[in-house]
Amino acid sequence: MRSKLVTVRKVLSRAVAALAATVVVSLLLPVAPASAHGQLATSTPLKGTVVRQPLAQLALYFTEKPASNAHFAITGPDGSRVDNGWSHGEPKRLDKPVTEYFMVDGVFEPRLYHTGFPAMVTVAHWPAKGRYTASYLSVASDGEAVRGDVTFDYQGPGTAAPAGWSAPTAGPDPALLAQAEGEGSTAPGATASPVAPTGAGADDPAGAAPEQRDGGFPAWLVPALIVVVVSAIVLVAARRRPGTGRGSTAGRRPTGAAGRGGGATRTSGTSARKTGNRAGGPARRGRR
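Position in the sequence shown (from 1) plus 1 gives the number in the working numbering.
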């Protein structure tokens with residue numbers, strides 16, 4: 002019984018160690034790269050920062066030049082919009098390059114982007130202190146939607162709205178929405194799969210060229226396969242360990258039986274010698 006408990010404990014300890022190793026490996030494995038391109042590289046102001054002076058414009062820098070029908074909006078603390086149109090700005094070299102990935106022969110290959118292409122969004126006024134959000138929607142050269150937002154805290158003085166200005170209410174262009182939702186694309190042959198690069202440079206303001214897509218695999222596939230394999234090994238080990246213990250016990254039993262048999266043989270021999278001595282006693286007395 003004790004041997005079985007020891008075996009179970011060993012199997013459980015090995016299982017825990019294997020699972021811990023799996024978790025560590027999963028954490029160390031690089032996350033599967035995103036396939037979408039033209040993403041936000043940086044902004045002015047940065048996300049999560051505090052702005053203490055009223056800015057005339059917000060700058061959102063992308064790895065590709067935003068689409069001409071891209072949509073930008075800035076909302077204030079009360080939810081009302083304070084943006085007043087946008088325009089393309091002058092590209093600038095990024096302080097930290099951005100890595101985007103392209104699928105080549107079934108393998109993701111990195112491409113560094115050193116240049117940011119800005120969308121300059123005009124701020125009509127700063128009505129109050131609090132949280133402001135700059136949201137954006139565009140479509141990259143690979144046909145993927147480029148969407149997100151930059152939230153920051155404004156703690157500067159309030160400013161008045163321009164004369165005759167009214168908060169915009171228009172949403173994204175319907176054609177842009179159709180492209181972003183996958184119902185259309187500026188890139189011929191673009192689908193919802195990872196892209197394959199062309200020979201265009203990474204700093205091309207047009208964001209390379211229309212790219213043909215290829216199939217990939219989801220980010221969770223590799224860790225999941227590792228968990229399945231390790232679990233299978235643990236189950237096989239758990240099934241084999243008790244069998245090995247029984248084999249060892251069975252192997253020890255014949256040895257013990259043989260040992261007891263040997264002991265009986267030695268006892269018989271001793272008895273025989275004693276009998277012989279008793280039989281020889283009278284004979285020796287006879288000779289005397």
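We treat Cβ as the ideally placed atom computed from N, Cα and C, and that holds for glycine.
In the DSSP assignment, alanine 135 falls outside any alpha helix (DSSP H) and within the unbroken beta strand (DSSP E) covering 131-140. About 39 angstroms separates the beta carbons of glycine 183 and proline 55, which is beyond the 8 angstroms limit, so they are not a contact pair. Listed in chain order, the non-local C-beta contacts of threonine 160 below 6 angstroms within the same chain comprise Pro55, His126 and Trp127, local neighbours out to five positions each way being set aside.
Between the stretch 138-147 and the stretch 80-99 there are fewer than three C-beta pairs closer than 8 angstroms, too few to call the two in contact. In this structure the stretch 58-72 touches the stretch 110-125; the number of beta carbon pairs closer than 8 angstroms is three or more. Runs of beta strand (DSSP E) with 3 or more residues, each lying fully within the stretch 88-161, are found at 93-105, 108-124, 131-140 and 146-155, listed in chain order. In terms of Cα proximity to tyrosine 102, the closest of Thr152, Ala74, Gln40 and Arg112 is Arg112.
Contact annotation: tyrosine 133 and threonine 76 have beta-carbon atoms nearer than 8 angstroms. Glutamate 91 and serine 136 have their C-alpha atoms spaced approximately 20 angstroms apart.
For glutamine 180, the uninterrupted alpha helix (DSSP H) run begins and ends at 175-181, by DSSP. Of the residues assessed, valine 99 falls on the buried side of the cut-off, its CB having 16 or more other CB atoms within 10 angstroms.
The criterion of a C-beta distance shorter than 8 angstroms is not satisfied by alanine 57 and threonine 45. Counting only residues of its own chain and dropping the five nearest sequence neighbours on each side, tyrosine 114 has a CB closer than 8 angstroms to the CB of Ala42, Thr64, Leu95, Pro98, Val99, Thr100, Glu101, Ala203 and Asp204. Per DSSP, the beta-bridge partners of valine 51 are Asp154.
The three-state secondary structure of alanine 171, taken from DSSP, is coil.
Straight-line spacing of the CA atoms in glycine 149 and alanine 168 works out to 21 angstroms.
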